[in-house]
Amino acid sequence: MNETSAIADDNAERASTLSTSGAIVLLLGGMLGNFVFGASTIALPEIAARLHLDAGTAGLVVSLFALGFASSLVFGGRLGDRVGRRMLFRLGLVALAATSLAAAAAPGGFALLVARVLQGVAAGLMLPQVLSTIQHAATGVDRARWLAGYAFAVAAGATAGLLVAGALASFSPEGWRALFVVIAAISILVVVCTRSVPVTRSAHTAGLDPVGSVLFAIGIATILLPLSLGPQHGWPWWTIALFGVSAATLIAFALWERRIDESRALVPAAALREPVLLAGLAMTTIFFSGYGAFFYLFSLSAENGMGFSALGAAVALVPFAVGFLIAATLAPRLAAVWRPVARMRFGAAVQVAMLVLIAIILLVQWPTPNEALLQPALFVFGAAQAVMFTPLISTVMSSVSHHIAGLASGLFMTAQQLATALSVAVLGALYTALGSGGVAFASCLFVDAALGVLFFALAGRTQSGSSTASTASTASALEPR
Numbered sequence: 002m003n004e005t006s007a008i009a010d011d012n013a014e015r016a017s018t019l020s021t022s023g024a025i026v027l028l029l030g031g032m033l034g035n036f037v038f039g040a041s042t043i044a045l046p047e048i049a050a051r052l053h054l055d056a057g058t059a060g061l062v063v064s065l066f067a068l069g070f071a072s073s074l075v076f077g078g079r080l081g082d083r084v085g086r087r088m089l090f091r092l093g094l095v096a097l098a099a100t101s102l103a104a105a106a107a108p109g110g111f112a113l114l115v116a117r118v119l120q121g122v123a124a125g126l127m128l129p130q131v132l133s134t135i136q137h138a139a140t141g142v143d144r145a146r147w148l149a150g151y152a153f154a155v156a157a158g159a160t161a162g163l164l165v166a167g168a169l170a171s172f173s174p175e176g177w178r179a180l181f182v183v184i185a186a187i188s189i190l191v192v193v194c195t196r197s198v199p200v201t202r203s204a205h206t207a208g209l210d211p212v213g214s215v216l217f218a219i220g221i222a223t224i225l226l227p228l229s230l231g232p233q234h235g236w237p238w239w240t241i242a243l244f245g246v247s248a249a250t251l252i253a254f255a256l257w258e259r260r261i262d263e264s265r266a267l268v269p270a271a272a273l274r275e276p277v278l279l280a281g282l283a284m285t286t287i288f289f290s291g292y293g294a295f296f297y298l299f300s301l302s303a304e305n306g307m308g309f310s311a312l313g314a315a316v317a318l319v320p321f322a323v324g325f326l327i328a329a330t331l332a333p334r335l336a337a338v339w340r341p342v343a344r345m346r347f348g349a350a351v352q353v354a355m356l357v358l359i360a361i362i363l364l365v366q367w368p369t370p371n372e373a374l375l376q377p378a379l380f381v382f383g384a385a386q387a388v389m390f391t392p393l394i395s396t397v398m399s400s401v402s403h404h405i406a407g408l409a410s411g412l413f414m415t416a417q418q419l420a421t422a423l424s425v426a427v428l429g430a431l432y433t434a435l436g437s438g439g440v441a442f443a444s445c446l447f448v449d450a451a452l453g454v455l456f457f458a459l460a461g462r463t464q465s466g467s468s469t470a471s472t473a474s475t476a477s478a479l480e481p482r
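This is the structure we're talking about:
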């Protein structure tokens, strides 16, 4: 296939349209995926108490969900490209409902852990279809609006998860079971509404890559497991051994992907030759390193240092979420005025300023910071994060051919999960080493601010955009031979 026919095929696919109702259903799925993660984190103390779990097993309740989720994201995105994104979106939601009900009915720790890892896999199959369908089926202003809507869904889902889980935990000792029932009910409701989601898939389908999929899943899982459990157990030998297994497995994965035909590869080399995609993935890693560590450390400090309850810690983060949601809603208007690079750099500069301000407030006023100072700073910080995040999503997704939109979505979310786990482990260790107080939290915020500076510097790497020739060559490489 020559470049002209590749572009013609791509343009034909771009004629597909995404209705408002279809986009809302997709965004509800995106919101649900983030709701699950945030809610289970807040519900963890009640789960551990009611099922009599020790600290290590309790940690697995969160870690195994993240492991199943991150390990299946790229495969889920690639599978959606090839067999149909709406179908996989539906199957993922049905599986999420079933595994959530299994978690709600779990009689003990082992059953809950099995349900949690399967719940993560279900979410990993479902969630990449959200961004990839928007990228494939929406164009122009509509695409910008729904990508901004995805940023809104991320923040709204995580915040709603924190608040609902905190409220249910406060209402009843068995509130965590009701939480999983709520997740199942929402999943079923979204499935019922999926008829309005357009049917999309790559025009260049080929066989799957089971060997590459297994190698990649093992490589990701053996990174996440020690990152999640190592800090709680003092980094025993087996956590270090798992890092070695991960390195060996990912090397084997890279060698396998070079050997297999690109039309069948899980992560084809043609996709990794997209310079904007690579820069965007690096910036995604940096962004979520700061984002994940901040949420973790704020919740930890609020409950252990400032005397907040689980619900109180969630409520304290509401100004951040409100700022994020308002800025995400305004993103299409900002896009009409500022180029993506300018928006990302402006957001990064404001984020750095707010992180430094919050750190100073904590240093001076710990453990009872002045809410009249802290809450506005959190609001502006949240808005800055949305100003960074929305054009970042658009840049990553727009840099690749529609034929691999699911792959790009899976890579984007995998980078998010790995960055969150790594930053929580590294900055969590720094926080503990410095005494787990105001100085410790402020020091971690200064590290987050340094990451913001790096994000600012890398933003310029995304301004070239994806060229027609690059898109065409990628599509050509993925055509079955």
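Residues 2 to 482 (our numbering) make up the sequence shown, in order.
Backbone N, C-alpha and C define an ideal beta-carbon position, used for all residues, glycine too.
On a predicted model such as this, the values are computed, not experimentally measured, just so you know.
Practice task
Pull up the distance between the alpha-carbon of Leu68 and that of Gly306, whole angstroms please.
Solution key: The residue given as residue 68 occupies position 67 in the sequence shown. The residue given as residue 306 occupies position 305 in the sequence shown. Distance between the alpha carbons of Leu68 and Gly306: 29 Å.
Problem - Enclosing alpha helix (DSSP H) for Ser72 [first to last residue] - result: Numbered from its first residue, the sequence shown carries residue 72 at position 71. Ala56 to Val84 is the extent of the alpha helix (DSSP H) around Ser72.
Exercise for the section: List in chain order: all unbroken beta strand (DSSP E) runs of 3+ residues lying wholly within the region 288-327. Expected result: Complete beta strand (DSSP E) runs here, min 3: none at all.
Problem - Pair within 8 Å by beta-carbon distance, Val122 and Leu65 - result: Counting from one through the sequence shown, the residue named residue 122 turns up at place 121. Counting from one through the sequence shown, the residue named residue 65 turns up at place 64. Not in contact: Val122 and Leu65 (Cβ atoms no closer than 8 Å).
Exercise for the section: For Cys194, name the three-state secondary structure that DSSP assigns. Expected result: Counted from its first residue, the sequence shown places residue 194 at position 193. In this structure, Cys194 counts as coil in the three-state DSSP scheme.
Practice task
Give the range of the alpha helix (DSSP H) segment to which Asp143 is assigned.
Solution key: As a first step, residue 143 must be located in the sequence shown, where it is residue number 142. Taken as a continuous stretch (DSSP letters only), the alpha helix (DSSP H) holding Asp143 covers Gly141 to Phe172.
Handout entry: the region 407-419 touching the region 79-92, judged by at least three CB pairs closer than 8 Å
Key = yes
Exercise for the section: Provide the residue span of the alpha helix (DSSP H) that contains Glu175, from first to last. Expected result: As a first step, residue 175 must be located in the sequence shown, where it is residue number 174. Premise fails: Glu175 is in no alpha helix (DSSP H) and is neither H nor E.
Exercise for the section: Indicate whether Val277 and Thr134 have their beta-carbon atoms separated by less than 8 Å. Expected result: Stepping through the sequence shown from its first residue, residue 277 is reached at position 276. Stepping through the sequence shown from its first residue, residue 134 is reached at position 133. Note that the C-beta distance between Val277 and Thr134 is not below 8 Å.
Practice task
Please say whether Ser101 and Ser188 have beta carbons closer to each other than 8 Å?
Solution key: As a working note, residue 188 is residue 187 in the sequence shown. As a working note, residue 101 is residue 100 in the sequence shown. In this structure, Ser101 lies closer than 8 Å to Ser188 by Cβ.
Problem - Boundaries (first-last residue) of the alpha helix (DSSP H) holding His403 - result: Your numbering for residue 403 matches position 402 in the sequence shown. Taken as a continuous stretch (DSSP letters only), His403 belongs to no alpha helix (DSSP H), as it is neither H nor E.
Problem - Given Gly31 as reference, the closest of Leu128, Ala387 and Thr223 once Cα atoms are compared - result: For the purposes of this step, residue 31 is identified with residue 30 of the sequence shown, where counting begins at 1. Of the listed residues, the one whose Cα sits closest to Gly31 is Leu128.
Problem - Delimiting residues of the alpha helix (DSSP H) encompassing Leu33 - result: Locating residue 33 in the sequence shown gives position 32, where the first residue counts as 1. Segment Thr21 to Leu52, the alpha helix (DSSP H) holding Leu33.
Handout entry: Cβ pair count under 8 Å reaching 3, the region 213-226 against the region 36-54
Key = no
Practice task
My understanding is that Arg415 touches Ile221, with C-beta atoms under 8 Å, so please give their C-beta distance in whole angstroms.
Solution key: The residue you call residue 415 lines up with position 414 of the sequence shown. The residue you call residue 221 lines up with position 220 of the sequence shown. The sequence given here has Thr at residue 415, not Arg. Confirmed, about 7 Å.
Exercise for the section: State buried or exposed for Leu19, treating a residue as buried only when at least 16 other CB atoms are found within 10 Å of its CB. Expected result: Taking the first residue of the sequence shown as position 1, residue 19 is located at position 18. Looking at its Cβ environment, which holds 16 or more other Cβ atoms inside 10 Å, Leu19 is buried.
Exercise for the section: Please report how far the alpha carbon of Ser171 lies from the alpha carbon of Ala179, in whole angstroms. Expected result: For the purposes of this step, residue 171 is taken as residue 170 along the sequence shown, with counting starting at 1. For the purposes of this step, residue 179 is taken as residue 178 along the sequence shown, with counting starting at 1. Approximately 12 Å, taken between the alpha carbons.
Problem - Beta-carbon spacing of Ala186, Asn35 below 8 Å - result: In the sequence shown, residue 186 corresponds to position 185, counting from 1. In the sequence shown, residue 35 corresponds to position 34, counting from 1. Not a contact, by the Cβ cut-off of 8 Å.
Practice task
With distances taken Cα to Cα, identify the nearest neighbour of Ile394 among Phe288, Ala168, Gln352 and Trp238.
Solution key: As a working note, residue 394 is residue 393 in the sequence shown. Ranking the options by Cα distance to Ile394, first place goes to Phe288.
Problem - Span separating the alpha-carbon of Leu419 from that of Ala294 - result: Counted from its first residue, the sequence shown places residue 419 at position 418. Counted from its first residue, the sequence shown places residue 294 at position 293. Roughly 12 Å between the two C-alpha positions.
Practice task
Give a yes or no on contact between the region 242-259 and the region 420-427, applying the rule of three or more CB pairs nearer than 8 Å.
Solution key: Touching, no.
Practice task
Assign Ser400 to buried or exposed, taking buried as 16 or more other Cβ atoms, counted over all protein chains shown, within 10 Å of its Cβ.
Solution key: Taking the sequence shown and counting its residues from 1, the one referred to as residue 400 is at position 399. Ser400 is buried by the Cβ-count criterion.
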